[in-house]
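Its first residue numbered 101, the sequence shown is counted upward by one per residue in my numbering.
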Amino acid sequence: QAPSTTKSLELTTSAGFESRTFANSAALTNACPPGAPADPDCTASTDLDRRDRYQRLGTELTWVGRQVAAVGYQFTLIDSNSFGQSLARHRVTASATIALPARLYGTLLGILQIDQYLDGLLVRRDLQQQEFTNVEDENRSSVQARLARKLTPSWSIEGRAAIWRNLAGSAMELSFQRELVYLGIVYGR
């Protein structure tokens, strides 16, 4: 078929499992009174090394025709023997790429990420503590736009703009906003 009439629909799935051991990092246990909310000040060390099971399962459906469109979902579960380190992450993506006038290509990408902290969210106030949660951990929801134009067979110019926000609630109750604007030249073979 001619390239302009070629169409395809692709379904991909992925699965992964990792076992992580943190040598010389003791697993923590909840030492808070029964019924008390999670608090980093009432944890206690154990004699066990911290061990995490990192499991992920995802699927993506991609349509390729005159336009390219994709939707996907990924579930990640980090199951830790250390109190406050377990989480379930849901990530939904949607993107579309189209040809625009003047030999430009445009892409719009949206990502919604929701993290659930299974033991409650623990935030250390002690800066000397090596294990902590930062604002980056839950702020992967974004909207991104990209424009590209091929200059030669190997060189392209590309512009990007993106915003990141706390969406679907913020477990840390922090306001997070980030914006990015980028213009660059890309070399590819």
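Backbone N, C-alpha and C fix where the C-beta goes; we use that ideal spot for every residue, glycine too. Note that this is a predicted model, so its numbers are computed, not measured.
Same chain, Cβ closer than 6 Å to residue i, neighbours up to 5 away in sequence not counted
{"i": "residue 281", "result": "261"}
{"i": "residue 179", "result": "153 and 186"}
{"i": "residue 188", "result": "177 and 216"}
{"i": "residue 161", "result": "111 and 171"}
{"i": "residue 155", "result": "117 and 177"}
{"i": "residue 225", "result": "Here the model assigns residue 225 a pLDDT of 49, short of 50, so the residue's position is not dependable, and the following value carries that caveat. Excluding positions up to five away in sequence, the list is empty."}
Boundaries (first-last residue) of the beta strand (DSSP E) holding residue i
{"i": "residue 62", "result": "With the chain represented from 101 up to 289, any question about residue 62 goes unanswered, as that position is not in the structure."}
{"i": "residue 284", "result": "277-287"}
{"i": "residue 248", "result": "242-250"}
{"i": "residue 262", "result": "255-265"}
{"i": "residue 210", "result": "204-217"}
Residue i versus residue j - alpha carbon distance
{"i": "residue 227", "j": "residue 164", "result": "Low confidence applies to residue 227: its pLDDT is 49, below 50, so where it sits in the model is not reliable, and the reading given next is rough at best. So the alpha carbons of these two residues sit roughly 49 Å apart."}
{"i": "residue 202", "j": "residue 210", "result": "25 Å"}
{"i": "residue 195", "j": "residue 183", "result": "36 Å"}
{"i": "residue 146", "j": "residue 219", "result": "17 Å"}
{"i": "residue 108", "j": "residue 132", "result": "55 Å"}
{"i": "residue 244", "j": "residue 135", "result": "42 Å"}
{"i": "residue 257", "j": "residue 247", "result": "8 Å"}
{"i": "residue 119", "j": "residue 266", "result": "30 Å"}
{"i": "residue 105", "j": "residue 190", "result": "35 Å"}
Within 8 Å, strictly: CB atoms of residue i and residue j
{"i": "residue 126", "j": "residue 181", "result": "no"}
{"i": "residue 144", "j": "residue 129", "result": "yes"}
{"i": "residue 214", "j": "residue 242", "result": "no"}
{"i": "residue 208", "j": "residue 192", "result": "no"}
{"i": "residue 197", "j": "residue 174", "result": "no"}
Other residues of its chain near residue i: CB distance less than 7 Å, five sequence neighbours each side excluded
{"i": "residue 287", "result": "254 and 255"}
{"i": "residue 121", "result": "149 and 151"}
(request) For the segment 163-197, list the alpha helix (DSSP H) runs that are entirely contained and at least 4 residues long, ordered along the chain. (result) none
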